[in-house]
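Trainee:
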Amino acid sequence: MDRFQEQTIEKTFDLKLMQKLWVYTKKYFWLLVLASLLLLLSTGADLYRPYLIKNIIDDYLTTDSVGLTESSGGFVAGDTSYRFDRSADSPRLETETIITADGSHQLSPGELDGLRTYKINSIMRYGFILLAVVLAAFAATYFQQIVLNFVGEKVIYQIRSDLFQHLEKMDLRFYENNPVGRLVTRMTNDLDNINQLYTEVVVTFLSDVAIVGGSMVMMLVLDWRLALVSFSVLPIMAISTLIFRKEIRKAYRLVRLKLTKINTNLNENFMGMKTIQIFNQEESFIRRFDETNTEYREASLKELYVYAVFRPLLNLLYYAALILVLWYGGSRVLGRQIEVGVLVAYTLYLKQLFNPIMELAEKFNIMQSAMTSIERIFLLFQQDEGVKNTKSLPVTELKGDVEFRNVDFSYVADEPILKNVSFTAKAGQTIAFVGATGSGKSTIINLLTRLYDVDQGQILIDGIDIRDYDKHELRQKISPVLQDVYLFSGDIRNNIKLLTPGITDEAVMQAAEFVNADRIIKRFPNGLDQPVTEGGATFSQGERQLLSFARAIVHDPDILILDEATSNIDTETELLIQDAISKVVKNRTTFVVAHRLSTIQNADQIIVVHKGEIYERGTHEQLLANEGLYYDLYQLQYQETIA
30 MDRFQEQTIE KTFDLKLMQK LWVYTKKYFW LLVLASLLLL LSTGADLYRP YLIKNIIDDY
90 LTTDSVGLTE SSGGFVAGDT SYRFDRSADS PRLETETIIT ADGSHQLSPG ELDGLRTYKI
150 NSIMRYGFIL LAVVLAAFAA TYFQQIVLNF VGEKVIYQIR SDLFQHLEKM DLRFYENNPV
210 GRLVTRMTND LDNINQLYTE VVVTFLSDVA IVGGSMVMML VLDWRLALVS FSVLPIMAIS
270 TLIFRKEIRK AYRLVRLKLT KINTNLNENF MGMKTIQIFN QEESFIRRFD ETNTEYREAS
330 LKELYVYAVF RPLLNLLYYA ALILVLWYGG SRVLGRQIEV GVLVAYTLYL KQLFNPIMEL
390 AEKFNIMQSA MTSIERIFLL FQQDEGVKNT KSLPVTELKG DVEFRNVDFS YVADEPILKN
450 VSFTAKAGQT IAFVGATGSG KSTIINLLTR LYDVDQGQIL IDGIDIRDYD KHELRQKISP
510 VLQDVYLFSG DIRNNIKLLT PGITDEAVMQ AAEFVNADRI IKRFPNGLDQ PVTEGGATFS
570 QGERQLLSFA RAIVHDPDIL ILDEATSNID TETELLIQDA ISKVVKNRTT FVVAHRLSTI
630 QNADQIIVVH KGEIYERGTH EQLLANEGLY YDLYQLQYQE TIA
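Residues 30 to 672 in the numbering used here are what the sequence shown lists, from first letter to last.
Next comes the structure, spelled out in structure tokens:
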């Protein structure tokens, strides 16, 4: 599988993904209950509004009868109903209008004014009720969003924390198989997508479902015949939505893959900018990025094409339903089978029915992003951390006896890197490894620190298999000084102590002085507070090495590892480092991976590694006397030095 290709789960249902997310959400169950109650309140208010408007229209705007009481002018007692004479013109205050009630009665302009005042007051009363309903819906929706956003932020915080902790435990195999851009995308974009699921989908989705269901019920209650006409387009809508859901998920997966590829491309480009510019390859890398960017554009356009069909189709179905309602409902109004207010309410309920469904085009985008992101994130959680604790024996203090016993190891199956490697290091000894690049020297060091576990054989420290130790406590007793020193953004202090609690500034300075790194610190007016940029770009290779020695010593290791620690540095700095090495190796078991053979002549044992096997071993003098591979390497370097 391509390194950039994402693993997919073809038969995973969205419900199963949501069940995984529910593990994080269920602790906020009562907040969700509160949000549901607020949802019921806001939905009820939304559903009541069209019905209220219907009552205003039918009872006070289009009705041909009204009840008059003493409060409407004081001229008619009781609740007698009066009917306008349809043969009269539109009534005006200066005209007289005939109404019928057990005979005939002629209203004077004053009486007619009282009648109209009654209607206006009633409409105003309904208007205040409508305003109260709108305000109630606003308040309920506001607090519902606050609650669900709070839950969303809490859930995302916990997932991000758990995911980071999980990634921190993964072995190096995992990081070799996963581009940095992919992991950064998981920790940022994917978690933001899940957050959007809470803030922009869950907040409205439940409300939309309630609105759709409630609108359908109200439409059936008002006039079931008209409701059936309105619902005739729903089967087409359902089929369209299912097809859209399938196609958009496929399209979005492709977009996510291409986005990850872009992120990885950018990360590599920025990290390697110095190399790109030195070799004058800016145009080549621009072309490479343009290819990746084009792939992303094509995937995004494919996604847009799917949306371009879905939204207009829903609009078409809505207007088709509206035309059917106006045609059939209008005929029923003219036939005096339903009131005008019912038809008006129907158009409002129809809009409430279709609006959430039409917005699914946007919400599907967010939901699909979230579903894909949940899938990806929980795939990471399912990844085995590789190197695990077994017995987790505590590590208080190591004597420093180390033994490799018949160790086999491979990074890739059937491609062995180490074959039957065995050697012993006594406490306090210095063991050096030499050999060609790729022979397996650094792999031995990686196995000793349990960055990987052996395929076969054992590695023992003080007679105990290192897999039985707690790996975190074991690593606290082993400090490496690597060829490629990485300095973190922050300050010098925390780059030496690596955020380890309990290490004082005094201890940091003592360690720095011990390995000649104090001159670096004293060069800056801020001392230990001197800012360090990402990767330590403002420090030379030698300065980074000296700070790395201080980092190793301040943790007071029982076993020290020097992996090509003196390569690629100037002569003056090498002398400082050699002086530091002579100090730090005392009373410590030390393993040295060396390129310059002159730096290991005093080692207690030199092991020559060739093609993953121990080719020869002994002291410097013994190996020269054997005139084997070590002798050849030494002669080659000696001739280069003379030259």
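For glycine and all other residues, C-beta sits at the position ideal for the given N, C-alpha and C.
(1) Which residue wins for smallest C-alpha separation from Lys448, given the options Asn475, Gly486, Val424 and Thr419?
(2) Can you list, in chain order, the stretches of the beta strand (DSSP E) that have 3 or more residues and sit fully within the region 500-534?
(3) Quick one: give me the first and last residue of the beta strand (DSSP E) that Glu645 is part of.
(4) For Ile277, is the classification buried or exposed, using 16 other Cβ atoms within 10 angstroms of its Cβ as the cut-off for buried?
(5) Could you check whether the Cβ of Leu70 sits closer than 9 angstroms to any Cβ belonging to chain B?
(6) One question on the structure: do Glu572 and Ser518 come within less than 9 angstroms of each other, judged by their Cβ atoms?
(7) Roughly how many angstroms separate the alpha carbons of Lys198 and Gly657, rounded to a whole number?
(8) If you draw a straight line from the alpha carbon of Thr217 to that of Gly210, how long is it in whole angstroms?
(9) With distance defined between alpha-carbon atoms, name the residue in Leu164, Leu576 and Tyr80 nearest to Ser244.
(10) Evaluate contact between the region 218-233 and the region 395-408, counting only Cβ atoms and requiring at least three cross-stretch pairs below 8 angstroms.
(11) If we require 4 or more residues per run, which alpha helix (DSSP H) segments fall completely within the region 409-433?
(12) Would Arg552 pass as a contact of Leu409 if the rule is Cβ separation under 9 angstroms?
(13) Where do the ends of the beta strand (DSSP E) carrying Gly359 lie?
(14) Using the C-alpha atoms, what's the distance from Asp608 back to Glu601?
(15) Looking at the strands, I want to know which residues DSSP matches up with Pro560.
(16) Inspect the beta-carbon positions of Asn25 and Thr459 and report whether they are closer than 9 angstroms.
(17) Would you check if there are 3 or more beta carbon pairs closer than 8 angstroms linking the region 55-73 to the region 162-177?
(18) Report yes if the C-beta distance between Val621 and Asp499 is below 9 angstroms; otherwise report no.
(19) Is it true that the region 495-515 meets the region 409-420, where meeting means three or more beta-carbon pairs spaced less than 8 angstroms apart?
(20) Going by C-alpha distance, which of Arg189, Arg78 and Thr472 is nearest Tyr155?
(21) Contact check, Ile490 vs Val431 under 8 angstroms by CB: the rounded distance?
(22) At what residues does the alpha helix (DSSP H) containing Pro79 begin and finish?
(23) Can you tell me where the alpha helix (DSSP H) with Glu276 in it begins and where it stops?
(24) Contact between the region 311-318 and the region 341-354: three or more CB pairs below 8 angstroms?
(25) Using 9 angstroms as the threshold, is the C-beta distance between Leu257 and Ala374 below it?
(26) Using 10 angstroms around the beta-carbon of Gln48, count the other beta-carbons present and answer buried if the total reaches 16, otherwise exposed.
(27) Using a Cβ-Cβ cutoff of less than 8 angstroms, which residues in the same chain neighbour Phe452 once the five nearest sequence positions on both sides are dropped?
(28) For Gln651, count neighbouring C-beta atoms within 10 Å of its own C-beta (all shown protein chains included) and say buried if the count is 16 or more, exposed if not.
(29) Identify, in the order they occur along the chain, each residue of the same chain with its Cβ nearer than 6 angstroms to the Cβ of Arg115, setting aside the five sequence neighbours on each side.
(30) Does the region 324-342 come within contact of the region 366-384, defined as at least 3 CB pairs closer than 8 angstroms?
(31) Compute the Euclidean distance between the alpha carbons of Asp576 and Ser190, then round it to the nearest angstrom.
(32) Which residues in the same chain as Glu324 place their Cβ atom closer than 8 angstroms to its Cβ, once the five residues preceding and following it in sequence are excluded?
(33) Per DSSP, what are the beta-bridge partners of Phe438 in this structure?
(34) Excluding the five sequence neighbours on either side, which residues of its own chain have a C-beta within less than 6 angstroms of the C-beta of Met396, listed in chain order?
(35) Please say whether Asp484 and Ser439 have beta carbons closer to each other than 9 angstroms?
(36) Let me make sure I understand the geometry here. Which of Ser151, Leu283 and Leu226 has the alpha-carbon closest to that of Phe179?
Mentor: Once the coordinates are examined:
(1) Lys448 has its Cα closest to that of Gly486, out of Asn475, Gly486, Val424 and Thr419.
(2) Note on the region 500-534: whole beta strand (DSSP E) runs with a minimum of 3 residues are 507-510, in chain order.
(3) Secondary structure note for Glu645: its beta strand (DSSP E) is the uninterrupted segment Glu642 to Gly647.
(4) Flag for Ile277 reads buried.
(5) This model lacks chain B altogether, as it is built from one protein chain only.
(6) Between Glu572 and Ser518, the CB-CB gap reaches or exceeds 9 angstroms.
(7) Taking the straight line from one Cα to the other gives about 42 angstroms.
(8) Across the structure, Thr217 and Gly210 are spaced so that their CA atoms are roughly 10 angstroms apart.
(9) Among Leu164, Leu576 and Tyr80, the Cα nearest to that of Ser244 is on Tyr80.
(10) Because the criterion of three Cβ pairs below 8 angstroms is met, the region 218-233 and the region 395-408 touch.
(11) Taking only runs of at least 4 residues, no alpha helix (DSSP H) segment lies wholly in the region 409-433.
(12) Going by C-beta atoms, Arg552 is not nearer than 9 angstroms to Leu409.
(13) No beta strand (DSSP E) holds Gly359; the alpha helix (DSSP H) holding it covers Glu311 to Leu363.
(14) Spanning the two alpha carbons is a distance of roughly 11 angstroms.
(15) In DSSP, Pro560 forms a bridge with Asp520.
(16) Only positions 30 to 672 of the chain appear in the structure, and residue 25 is not among them; the question remains open.
(17) Because the criterion of three Cβ pairs below 8 angstroms is met, the region 55-73 and the region 162-177 touch.
(18) No, they are not a contact pair.
(19) In short, these stretches touch, since the Cβ pair count reaches three.
(20) Proximity to Tyr155 across Arg189, Arg78 and Thr472 peaks at Arg78, based on C-alpha coordinates.
(21) Correct: roughly 5 angstroms between the Cβ atoms.
(22) Its alpha helix (DSSP H) spans residues Phe58 to Ile85.
(23) It spans Leu263 to Met300 - the alpha helix (DSSP H) in which Glu276 sits, taken as one unbroken run.
(24) In short, these stretches do not touch, since the Cβ pair count stays below three.
(25) With a cutoff of 9 angstroms on beta-carbon distance, Leu257 and Ala374 are scored as not near each other.
(26) By the 10 Å Cβ count, Gln48 comes out exposed.
(27) Taken in chain order, the residues that qualify are Glu432, Phe433, Ile460, Gln634, Ile636, Ile643 and Arg646.
(28) Burial call: exposed.
(29) Per-residue confidence for Arg115 stands at a pLDDT of 40, beneath the threshold of 50, marking its modelled position as unreliable; the derived number appears in the next sentence. Sequence-distant partners of Arg115 (beyond 5 residues in either direction) whose C-beta falls short of 6 angstroms from its own C-beta are missing from its chain.
(30) The region 324-342 is not in contact with the region 366-384.
(31) Residue identity check: residue 576 is Leu in the sequence provided, not Asp. Straight-line Cα distance between these residues: approximately 30 angstroms.
(32) Contacts found: Lys287 and Lys290.
(33) Residue pairing for Phe438: DSSP places it in a beta bridge opposite Leu447.
(34) Closer than 6 angstroms at Cβ, skipping near neighbours: Val230.
(35) Against a cut-off of 9 angstroms, the Cβ pair of Asp484 and Ser439 comes out as a contact.
(36) Nearest to Phe179 by alpha-carbon distance, out of Ser151, Leu283 and Leu226, is Leu226.
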